[in-house]
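In terms of my numbering, the sequence shown opens at residue 358 and continues consecutively. Note that CB positions come from ideal geometry on N, CA and C, so glycine has one too. Written out below as structure tokens is the structure these notes cover.
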Amino acid sequence: MEDALSEDGIRAVLKGTAELAVIGDNVPHEGLETIVCNVDQLVLLVPAGHALAGQQNASIVNVLDHDLVTLARSASLTRKVMAAADAVKRTPRIRVQVRSFDSMCRMVSFGLGVAVLPRAAAALYAQALGLVQVGLEGIEMERVLLLAMRSRLELSAPAAALVEMIEESAAAFSGARHSPKPAG
358 MEDALSEDGI RAVLKGTAEL AVIGDNVPHE GLETIVCNVD QLVLLVPAGH
408 ALAGQQNASI VNVLDHDLVT LARSASLTRK VMAAADAVKR TPRIRVQVRS
458 FDSMCRMVSF GLGVAVLPRA AAALYAQALG LVQVGLEGIE MERVLLLAMR
508 SRLELSAPAA ALVEMIEESA AAFSGARHSP KPAG
């Protein structure tokens, strides 16, 4: 198992160096079979005492007035923030780019900016680092994660068992989506 950006995971699966990759649904994945493996909600994480900390929800326009801490520009989460900025015709002020949610949260705790994160990840760090979660408006709140593979029929027994377990769990998501299988 390796932590990687969606694009790197897709390349590994296409090359055959990995059987499975968890990717954002907003990253091109032609030629791969996918199943929904998780749907999470996005929130804004800010330092306590920040101008947005007292709000229940912050509009993406107001968020973009502040420095941002993000993952790499190619990360599906950063792409989502960039798309929201494009939709409101704004250029994000990315101050720091890091490689993990842990690093994002630590940079926010040092006052280097605010960050858009999945609610579950934000909750883990908010309490430990004295940060505040704020709801978001004006950005698609759901982030869909896909499990990508070349062909389900080619998976090893352990990988196939993992896919089956994830499918059973994902059935709880209403309207779980499957992408069409590649032709031929």
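Own chain, CB closer than 8 Å to A477, minus 5 neighbours either side, in chain order: D397
For L519 and A528, the rounded distance between their alpha carbons: 14 Å
Beta strand (DSSP E) segment containing T374, residue limits: Taken as a continuous stretch (DSSP letters only), T374 belongs to no beta strand (DSSP E), as it is neither H nor E.
The ligand MN heavy atom lying under 7 Å from the CB of V471: The ligand MN is not part of this structure, which contains no ligands at all.
Outcome for F458 when other beta-carbon atoms lying within 10 angstroms are tallied against a minimum of 16: buried
Inter-residue Cα distance where the pair is L469 and P449: 14 Å
Proximity to A432 [Cα-Cα], best of S526, A516 and L362: L362
Cβ-Cβ distance between L428 and A483 below 8 Å: no
Range covered by the beta strand (DSSP E) that runs through L510: No beta strand (DSSP E) holds L510; DSSP gives it neither H nor E.
Where L519 sits in the DSSP three-state scheme: helix
Coarse secondary structure for D443, derived from DSSP in three states: helix
Per-residue DSSP class, three states only, for V384: coil
Sufficient close CB pairs (3 or more, under 8 Å) joining the stretch 416-426 to the stretch 486-499: yes
Cβ-based burial, A375 [other Cβ within 10 Å; buried from 16]: buried
Limits of the unbroken beta strand (DSSP E) element including I451: R450 to V455
Residue environment, L510, which counts as buried when at least 16 other CB atoms sit within 10 Å: exposed
Classification of R500 by the beta-carbon crowding that lies within 10 angstroms, buried from 16 upward: buried
N395 beta carbon less than 8 Å from that of R436: no
For L320, the first and last residue of its enclosing alpha helix (DSSP H): Given a span of 358 to 541 for the chain in the structure shown, any question on residue 320 remains unanswerable.
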